[in-house]
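Below: the structure, in structure tokens.
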Amino acid sequence: MSVPGLDEPGVGGIGTLVEQEPDTVRVPTDDGDHERFAHYAPKDKIVEAMVTGTPIRALCGKVWVPSRDPQRYPVCPTCKEIYDGLPPGGDGKE
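Residue numbering for the sequence shown follows our numbering, starting at 601 and increasing by one per position.
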């Protein structure tokens, strides 16, 4: 069976539509650096997040779900700087 217009070379048929991605310039960010550090956050929030899988916010602003052993990583320099600038706690453990 012949279909008018489809038997002509270069017309009709089956093909693959390839969608072109726009050219974008990737600007390097330090977002990945947060993954290389152990972050400071309230202990009770860390424990809760590990149990429930709920994301928490570190002192530096990173939001994550704690799941790795923080002792295997260096302390986030931003978290440490913020923590060192905080006044002594009122929990009696100065």
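Glycine included, C-beta positions come from ideal geometry on N, C-alpha and C. For clarity, every value in this text was computed on a predicted model and none was experimentally measured.
Determine the contact status of V665 and A641, defining contact as a CB-CB distance below 7 Å.
Position 65 of the sequence shown, counted from the first residue, corresponds to residue 665. Position 41 of the sequence shown, counted from the first residue, corresponds to residue 641. Not in contact: V665 and A641 (Cβ atoms no closer than 7 Å).
If you count every other CB in all the chains shown that lies within 10 Å of the CB of K643, and 16 or more means buried, which is it?
Counted from its first residue, the sequence shown places residue 643 at position 43. By the neighbour-count definition (other C-beta atoms within 10 Å, threshold 16), K643 is an exposed residue.
According to DSSP, residues forming a beta bridge with I656
In the sequence shown, residue 656 corresponds to position 56, counting from 1. Per the DSSP secondary-structure output, I656 pairs in a beta bridge with W664.
For the alpha helix (DSSP H) holding P677, just list the boundary residues, first then last.
As a first step, residue 677 is located in the sequence shown; it is residue number 77 there, counting from the start. Its alpha helix (DSSP H) spans residues P677 to D684.
List the residues that DSSP assigns as beta-bridge partners of A649.
Counted from its first residue, the sequence shown places residue 649 at position 49. Under the DSSP definition of a beta bridge, A649 lacks any partner.
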